[in-house]
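Taking it in order: structure first as structure tokens, then the write-up.
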Amino acid sequence: SKDAGGGIFHAYEPQLHAAAEERRVLEIALRSALKNDQLHLLYQPVVDAGTGALKGFEALLRWTHPEFGVISPAKFVPLAEDARLIAPIGEWVLRTACNEAAKWKDDIRVAVNVSPEQLHSPNFVNMVAQTLAQSGLSADRLELEVTESVFLREGTGTVQVLDRLIDLGVRLSLDDFGTGYSPLGNLSRTRFSTIKIDRAFVQDAARNVREAVAIVRAVVALADSLGMATTAEGVESEEEHLMIQRLGCTRAQGYFFGRPLPVEEARGLATGDRAS
Ligand code: C2E
Ligand code: CA
Ligand code: CA
Ligand code: CA
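Counting from 1 along the sequence shown, just add 505 to a position and that's the residue number in full-length UniProt numbering.
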């Protein structure tokens with residue numbers, strides 16, 4: 506029995522070790538990524554769900570590592586949070602996105618993801634204010650996307666920070682709605698401009714899963730009555746587009762309308778200058 510236990514232990518140890526080692530290597534690499542210009546943003550179109558007209562872009566972060574290639578934000582953002590690198594990386598993202606959006610037509614917005622760690626970092630609101638001032642982007646063209654997990658930390662002044670952002674004139678979106686721990690009370694604590702409905706609901710609703718259709722319909726009705734917009738995320742097909750249109754979503758985003766684009770391509774669409 507002791508041997509069996511030892512055997513199991515030894516069988517698992519290399520894997521555990523490899524995961525920890527990979528993490529350590531990535532973390533060291535991430536520290537120098539900013540300095541070495543390995544981060545860039547892609548911009549995914551957000552359109553009017555009814556007409557398909559371009560309304561804005563969501564900035565999505567990419568890290569190109571010289572050896573490992575393109576690393577997904579789903580993998581390195583949590584790492585950056587643990588390593589206390591999310592504040593400088595997030596500041597770079599915001600500055601880059603605001604400077605870019607300042608070049609676009611003034612009815613095109615930019616959305617930037619903000620992680621809970623970053624939102625709670627000291628001076629976050631001042632940093633946003635300074636970045637807006639330096640870029641010349643008007644505050645109402647910036648949308649900050651947060652997930653419900655920002656409310657999970659008690660005693661950190663989340664609601665106050667969000668209120669101060671609203672006072673600056675920026676818009677707030679509630680990202681990934683319906684995927685986490687979502688007491689509806691969060692909607693009454695903060696004046697969100699938009700609820701982003703997760704792709705899982707979009708997919709199921711288009712397949713006529715009764716519960717998904719009912720939930721999307723209810724979220725749209727709730728948003729309407731609170732004066733908020735809804736964005737359907739991850740719309741990949743015409744069927745999904747027709748369904749979310751029928752359910753009354755305000756805006757839509759997904760591969761059906763456009764993949765995340767390199768900066769020059771997004772700029773061409775955002776300025777009406779196709780040549781660039
Ligand atoms: P998210 O905010 O929910 O972003 C949407 C994700 O869905 C993006 O993945 C996007 O590329 C992907 N997507 C868009 N359309 C479709 C579609 O039609 N089908 C499918 N299957 N997927 C679609 P991405 O770029 O890999 O980003 C993953 C997550 O990483 C984001 O999820 C966001 O939470 C986080 N993230 C991205 N950029 C940043 C950033 O600058 N800062 C922070 N803190 N987090 C970021
Ligand atoms: Ca987002
Ligand atoms: Ca999302
Ligand atoms: Ca997500």
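From the three backbone atoms N, C-alpha and C, an ideal C-beta is built for every residue, glycine too. All of these numbers come straight from a predicted model, not from anything done at the bench.
Q639: member of the alpha helix (DSSP H) spanning 629-640, first to last residue. In this chain, H625 is not harboured by any beta strand (DSSP E), its DSSP state being neither H nor E.
Taken from the Cβ of E738, at least one heavy atom of ligand 3 lies inside 7 Å.
Ranking V630, V651, D612 by CA distance to the CA of S643 puts D612 first.
Contact annotation, W568 with L544: C-beta distance approximately 6 Å; criterion of less than 8 Å satisfied. D680 has its CB nearer than 7 Å to a heavy atom of ligand 3.
Nearest in C-alpha terms to T735, of all of R756, S742, P550, is R756. For D703, the CB falls within less than 7 Å of some heavy atom of ligand 3. Look at P765: its beta carbon is less than 7 Å from one of the heavy atoms in ligand 1.
DSSP lists V575 as the beta-bridge partner residues of T569.
Under the three-state reduction of DSSP output, D611 falls in the coil class, being neither helix nor strand. Following the DSSP letters along the chain, one finds E743 inside the alpha helix (DSSP H) bounded by residues 743-751. Beta-bridge partners assigned by DSSP to N618: E650.
Here DSSP, grouped into helix, strand and coil, assigns F682 to strand. Here V530 is exposed, its C-beta having fewer than 16 other C-beta atoms within 10 Å. Taking C-beta atoms as the reference points, G683 and F706 count as a pair closer than 8 Å. For M748, the closest alpha carbon among the candidates R704, P767, L766 is that of R704.
Residue environment for I700: buried (at least 16 other C-beta atoms within 10 angstroms of its C-beta). Each residue's CA atom was taken as its position, placing R694 and H522 some 43 Å apart. Excluding its 5 nearest sequence neighbours in each direction, I594 has C-beta neighbours in its own chain below 6 Å: A585, listed in chain order. The nearest non-hydrogen atom of ligand 1 is less than 7 Å from the C-beta of L566. Spanning the alpha carbons of V582 and L657 requires a straight line of approximately 18 Å. The beta carbon of N618 sits closer than 7 Å to at least one heavy atom of ligand 2. Listed in chain order, the non-local C-beta contacts of T661 below 7 Å within the same chain comprise H625, local neighbours out to five positions each way being set aside. When beta bridges are read from the DSSP output, P550 appears opposite F562. According to the DSSP assignment, A719 belongs to the alpha helix (DSSP H) that extends over 715-730.
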